[in-house]
Amino acid sequence: RAQILVADFWGIMEARGEGNIPNLDYLTMFADYRVPQSLVYLGALRYSDALMETLKNGL
Numbered sequence: 009r010a011q012i013l014v015a016d017f018w019g020i021m022e023a024r025g026e027g028n029i030p031n032l033d034y035l036t037m038f039a040d041y042r043v044p045q046s047l048v049y050l051g052a053l054r055y056s057d058a059l060m061e062t063l064k065n066g067l
């Protein structure tokens, strides 16, 4: 969660033209729901039909 805080803070500062945070590239990738979404979209991850139906229905 700390990395998400730093990334969000950087996003705000970058939008203001003040996003120079030293060593920001040392942060590791943090997983959230976007990672599996992207992998499914790219075809690198495949869910079963039953799971996809459940996710689409929000159950």
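If you use the numbering used here, the sequence shown corresponds to residues 9 to 67, in order. Quick reminder that beta carbons are idealized off the backbone N, C-alpha and C, glycines included.
In the three-state reduction of the DSSP assignment, residue 44 falls in the helix class, which pools H, G and I. Secondary structure of residue 28 (DSSP, three-state): coil. Segment contact: the region 29-46 against the region 9-19, three or more CB-CB distances shorter than 8 angstroms; contact assigned.
Residue 34 and residue 59 have their C-alpha atoms roughly 35 angstroms apart.
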